[in-house]
Amino acid sequence: VSPDGIDVRKLIAGNYVLKITDRNGALNTQKLVIVR
């Protein structure tokens, strides 16, 4: 399980773009690549 609370074991392989809002309200884009 990633720090963002996403169970990566349930996701299919591929590229994901996570949009995370931090405490200051700034939007951060984070790329996640899952390889099986």
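Just so you know, my numbering puts 15 at position 1 of the sequence shown, and the rest follows in order with no gaps.
Just so it is clear, CB atoms sit at the ideal spot from N, CA and C, and this is done for glycine as well.
This structure is a prediction, so every number in the text was calculated from the model and none was measured.
Out of Ala27, Val22, Asn42 and Gly19, which one is the CA nearest neighbour of Arg50? Closest in alpha carbon position to Arg50, among Ala27, Val22, Asn42 and Gly19, is Ala27.
Ends of the beta strand (DSSP E) at Val22? No beta strand (DSSP E) holds Val22; DSSP gives it neither H nor E.
Ordered along the chain, which non-local residues of its own chain (more than five positions away) have a Cβ less than 8 Å from that of Lys45? Excluding residues within five positions, the ones whose Cβ falls inside 8 Å are Asn29, Tyr30, Val31 and Leu32.
May I ask which residues mark the beginning and end of the beta strand (DSSP E) holding Arg42? With the sequence shown as reference, residue 42 is identified as Asn, and Arg is not the correct amino acid for it. For Asn42, the enclosing beta strand (DSSP E) covers residues Leu41 to Ile48.
Could you tell me which of Leu25, Gly19 and Ile20 sits nearest to Ile48, measuring between CA atoms? For Ile48, the nearest C-alpha among the options comes from Leu25.
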